[in-house]
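Remarks on the structure that follows.
Residue numbers (this note's numbering): 88 to 510.
Here it is as structure tokens:
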């Protein structure tokens, strides 16, 4: 492995831990990110000469902490700053507190999710800091322009600084007020690592696996919180399909074409058991509903066995918790599969999703199944122009070719956007 590859791998695997540790010991968000970046830059300069260390994460954390010490000492303007600089030398374990959260990365998420901040700002900041996601990646997760997300991140950091919001985890009895935002961070972190919307070459299975790990830690921390169990169930059920979603050539593989014999049966079993445990609490929530939808797909032996009426009903329940146009889009797909493309198309006509490419792609599929091939090609073409990655554009090009080659009765396919697209 060459040095650049080693540094890139270390960034994917260690960024969140390095930043989380620095924030804990310095209490300065911007300083932590800047010193982490400097540590990775130092690795690019010194590892070619000295070799890649056996423990890259420990090396990077030490380098970043040394940078933070130097910066704080250089910028110190009084005893308070000097005392703050001294704090950088605390041990590599969190100080005891009554929150019960000992995992640095999970502590960072709870710290980000301060109730004084807007929920979207909490989640965006945590994604930026924990996962090292770019502003563009976070903007895509929220379906907003990059410039808009950049302004939000600047504003939330400014508010943290001016309001002097503390960088600490609250006591255990106050954790529930931050739980929804923490769940949102883990969900979007998983999606960014798992979803092919970032392009098959840019997928980060390490990030998806880390989200699953943190969701497991959270579920253990809050075993009586059904939504924590529901989220873990959802992530496991989705992660079970990770090996089949992209072909050997990097092409997207639709759900109905995936090789179900390669799905992770242990993850599916664990996910369904966790969902059953959560549902017995009789406090339903959006992650439990999404997990139930994922379970419908994961437990169907064949695509043809999928219980679409039940999925349509579950999306009807989900929109009560998440009243968004994307949920309505997925409900329309399920209705179209359960009752026919005309019923699904009628629901699509009520939606406005701006430049979201899956709306015209779904419309195209319904039109093709209705035999309205010319209209279908136009909609597929519109979707291709909006698609954010080469892989998705290639997939839609394939759909156009298939539609143009149809002779006689239209071929009925069981297509749907990926359930993990739901916010």
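From the three backbone atoms N, C-alpha and C, an ideal C-beta is built for every residue, glycine too.
Per DSSP, what kind of secondary structure is residue 440 in: helix, strand or coil?
coil
Do residue 321 and residue 390 have their C-beta atoms closer together than 8 Å?
no
Sequence-distant residues of its chain with Cβ nearer than 7 Å to residue 246 (five each side left out)
204
Just checking my contact of residue 222 with residue 207 at CB under 8 Å: how many whole Å lie between their CB atoms?
That pair is no contact at about 14 Å.
Out of 91, 192 and 144, point me to the one whose CA is closest to residue 111's CA.
192
What is the residue span of the alpha helix (DSSP H) that residue 112 lies within?
90-113
Note the first and the last residue of the continuous alpha helix (DSSP H) segment covering residue 329.
Neither: residue 329 is in no alpha helix (DSSP H) and is coded neither H nor E.
Tell me where the alpha helix (DSSP H) around residue 358 begins and ends.
352-367
Give me the Cβ distance between residue 105 and residue 151, rounded to the nearest whole Å; I'm assuming they're in contact under 8 Å.
5 Å
Have a look at 339, 237 and 361 and flag the residue whose alpha-carbon is nearest the alpha-carbon of residue 311.
361
Does the stretch 464-477 come within contact of the stretch 258-269, defined as at least 3 CB pairs closer than 8 Å?
no
Tell whether a beta-carbon distance below 8 Å holds between residue 527 and residue 375.
For residue 527 there is no data in the structure shown, the boundaries of the chain being 88 and 510.
Within a Cβ cutoff of 6 Å, which residues of the same chain sit near residue 148, ignoring the five residues on either side of it in sequence?
105 and 108
Simplified DSSP state of residue 262, which is helix, strand or coil
coil
Inter-stretch contact at 8 Å, needing at least 3 Cβ pairs: the stretch 395-410 / the stretch 428-443
no
Quick check for students: name the residue ranges of the alpha helix (DSSP H) that lie wholly in the stretch 191-265, counting only runs of 4 or more.
191-199, 206-217, 222-229 and 233-250
Could you pull out every residue in the same chain whose Cβ sits closer than 7 Å to the Cβ of residue 421, ignoring the five residues on either side in sequence?
395, 398, 399 and 402
Cα-Cα separation, residue 414 to residue 235:
23 Å
Pull the bridge partners of residue 339 from the DSSP assignment, please.
333
How would you write the range of the alpha helix (DSSP H) that residue 151 sits in, first residue to last?
143-162
Determine, using beta carbons only, whether residue 378 and residue 347 come nearer to each other than 8 Å.
no
What number of angstroms, rounded off, separates the C-alpha of residue 304 from the C-alpha of residue 342?
29 Å
Among 326, 479, 366 and 363, the one whose alpha carbon lies nearest that of residue 349
326
When you compare the CB positions of residue 464 and residue 487, do they come within less than 8 Å of one another, or not?
yes
Using the Cβ count rule (16 or more neighbours within 10 Å means buried), how would you classify residue 452?
buried
So, is residue 241 buried or exposed, given that buried needs 16 or more other C-beta atoms within 10 angstroms?
exposed
Is residue 416 closer than 8 Å to residue 440 when the C-beta atoms are compared?
yes
Spatial neighbours of residue 293 within its chain, please: CB distance less than 8 Å, with the 5 preceding and 5 following residues excluded, ordered by chain position.
99, 100 and 280
Looking at the secondary structure, which residues open and close the alpha helix (DSSP H) in which residue 424 lies?
412-426
Could you give the distance in angstroms between the alpha-carbon of residue 484 and the alpha-carbon of residue 313?
42 Å
When the distance is taken between beta carbons, is residue 200 closer than 8 Å to residue 269?
yes
Quick check on the DSSP output: the alpha helix (DSSP H) that includes residue 377 runs from which residue to which?
373-385
At 4 residues or longer, and completely inside the stretch 447-476: list those alpha helix (DSSP H) runs for me, N to C.
460-473
With distances taken from CA atoms, which of 157, 137 and 429 is nearest residue 121?
157
Can you give me the Cβ contacts of residue 482 inside the same chain, cut-off strictly under 6 Å, excluding the 5 residues immediately before and after it?
339
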